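In my numbering, the protein residues as written are 1 to 333.
By construction, the Cβ of each residue, glycine as well, lies at the ideal position given by its N, Cα and C atoms.
These numbers were taken from a predicted model, which means no experiment stands behind them.
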Amino acid sequence: MRWYACSECADVGVDGPESRHQSRARDLADRCGQHLRAVAAERREARDGADQRRGWDQRREDRARRRGRWLRPLPVIAISNTGVGIVGKCDYGACDWIFRASLGEETALPAALKAAKDKLNLKKVVLMFESDQKFAADGADIFKKAAADNGITISRTIPYKTADVDFSAFVTQAKGENPDAILASGLAGTASKVLIEVGKQFPQGLRVVGSNGFNSPAVITAAGAAAPNMIVGTAWNKASTDKANADFVKAFKDKYGSDPDQFATQSYTALIVLADAMKRSGNATDKAALRKALEGTKDFATPLGAFSFTPEHDVKQPVFVMTVKDGAFVPFN
Numbered sequence: 001m002r003w004y005a006c007s008e009c010a011d012v013g014v015d016g017p018e019s020r021h022q023s024r025a026r027d028l029a030d031r032c033g034q035h036l037r038a039v040a041a042e043r044r045e046a047r048d049g050a051d052q053r054r055g056w057d058q059r060r061e062d063r064a065r066r067r068g069r070w071l072r073p074l075p076v077i078a079i080s081n082t083g084v085g086i087v088g089k090c091d092y093g094a095c096d097w098i099f100r101a102s103l104g105e106e107t108a109l110p111a112a113l114k115a116a117k118d119k120l121n122l123k124k125v126v127l128m129f130e131s132d133q134k135f136a137a138d139g140a141d142i143f144k145k146a147a148a149d150n151g152i153t154i155s156r157t158i159p160y161k162t163a164d165v166d167f168s169a170f171v172t173q174a175k176g177e178n179p180d181a182i183l184a185s186g187l188a189g190t191a192s193k194v195l196i197e198v199g200k201q202f203p204q205g206l207r208v209v210g211s212n213g214f215n216s217p218a219v220i221t222a223a224g225a226a227a228p229n230m231i232v233g234t235a236w237n238k239a240s241t242d243k244a245n246a247d248f249v250k251a252f253k254d255k256y257g258s259d260p261d262q263f264a265t266q267s268y269t270a271l272i273v274l275a276d277a278m279k280r281s282g283n284a285t286d287k288a289a290l291r292k293a294l295e296g297t298k299d300f301a302t303p304l305g306a307f308s309f310t311p312e313h314d315v316k317q318p319v320f321v322m323t324v325k326d327g328a329f330v331p332f333n
């Protein structure tokens, strides 16, 4: 059986120096992309060359055979895919074979906002979001619903674009609303820009409840002194004393000389969950048996905490709400 794993495990578009792990991730992504492009080109060449030698009926039959070969069900574990529509009901194929091992925005954002409301007594907020990124636009919709559920008024919604560099006008608009906090849904590249500008215009401090794009040590580095303004829901607490987490953090640091981040931890967790399911399946080459074993994952000890899959194949695990202190993520509560 061959396994293919693809994950966007590092945000390399953040202002500031790359870590060694981000550099490795960039190299790996480049090699993976080159390989996939080469395979696609070979398939096109083989297809086109064969098609020239066959009639229409034969070509149609071959294409149907190829589609069937590549669309045969295969268990997939999404290890860094937090957007909507990854698991559960979908319209893009055999989604009942997809499992998600990464905490979704539909769980993380409401948890972060509720924690912020409970501690800061939020009543009025401004929503900023990266409007040309579907992931961020979906996050904005999740924030809107969570705000309504918590009795919080969004007094203004401010869209911005990925290519925007100067965020002063956006934050000035937010400041005019005199909000209790800002909700921000965007990728890592813009997350640090939002935090930096908020730090400039609110020197006394103003909390920013962020999406998964804020969940990176690179954002902390880029935002600098403004990073402690952030609040973010996350799948992992590095400081957890659970044995599975403590052992993983130590092993990772011994191997690489630095602490893991959330994305490395989710990747490792997905693989040990998969290995456990393969053992329990009784036949690791039987895809249907493996899917059933994955569905049976319940309270498995991982660095993320007790890990289970829901009937919709989504992860069930603890949710941690974090902020930043002394250049590192720490529990907000």
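Element boundaries [alpha helix (DSSP H), containing residue i]
i: T269; result: Q262 to S281
i: T221; result: P217 to A223
i: S80; result: That residue, S80, is in no alpha helix (DSSP H); it is neither H nor E in DSSP.
i: V344; result: In the structure as shown, the chain starts at 1 and stops at 333, and residue 344 therefore has no counterpart that could be examined.
i: S192; result: A188 to Q201
Rounded straight-line distance, which links the Cα of residue j to that of residue i
i: V315; j: L103; result: 6 Å
i: G210; j: I272; result: 29 Å
i: A246; j: P303; result: 8 Å
i: K325; j: G224; result: 11 Å
i: S192; j: A235; result: 20 Å
i: A95; j: F309; result: The residue you asked about is not Ala; residue 95 is Cys in the sequence shown. Using only the alpha carbons, I get a separation of about 14 Å.
i: Q201; j: R280; result: 55 Å
i: L120; j: I142; result: 20 Å
i: Q262; j: G233; result: 12 Å
Member of the options whose CA lies at the smallest distance from the CA of residue i
i: F139; options: N121, A112 and A116; result: It is Gly, not Phe, that sits at residue 139 in the sequence shown. Comparing Cα-Cα distances from G139 to each of N121, A112 and A116, the minimum goes to A112.
i: V76; options: V84, T162 and W97; result: W97
i: E295; options: Y160, M278, P217 and Q204; result: M278
i: T265; options: T323, A226, F248 and T297; result: F248
i: P203; options: K117, R156, A235 and A226; result: A226
i: F351; options: A293, L290, I220 and D166; result: Since the first residue of the chain shown is 1 and the last is 333, residue 351 is not available in this structure.
i: G186; options: T153, S155 and D132; result: D132
i: T107; options: V319, F99 and P179; result: V319
i: I154; options: A163, D166, Y160 and N178; result: N178
i: A136; options: E105, V165, V125 and K292; result: E105
i: A147; options: V321, A116, S168 and Q317; result: A116
Three-state secondary structure (DSSP) of residue i
i: V165; result: coil
i: R207; result: coil
i: S240; result: coil
i: P331; result: strand
i: A301; result: strand
i: K325; result: strand
Residue i, enclosing beta strand (DSSP E) - first and last residue
i: A293; result: Taken as a continuous stretch (DSSP letters only), A293 belongs to no beta strand (DSSP E), being part of the alpha helix (DSSP H) at K287 to E295.
i: T310; result: Looking at the DSSP string, T310 is not in any beta strand (DSSP E), and its letter there is neither H nor E.
**Report entry** Whole beta strand (DSSP E) elements within the stretch 93-163, 3-residue minimum
**Finding:** 98-100, 124-130 and 153-160
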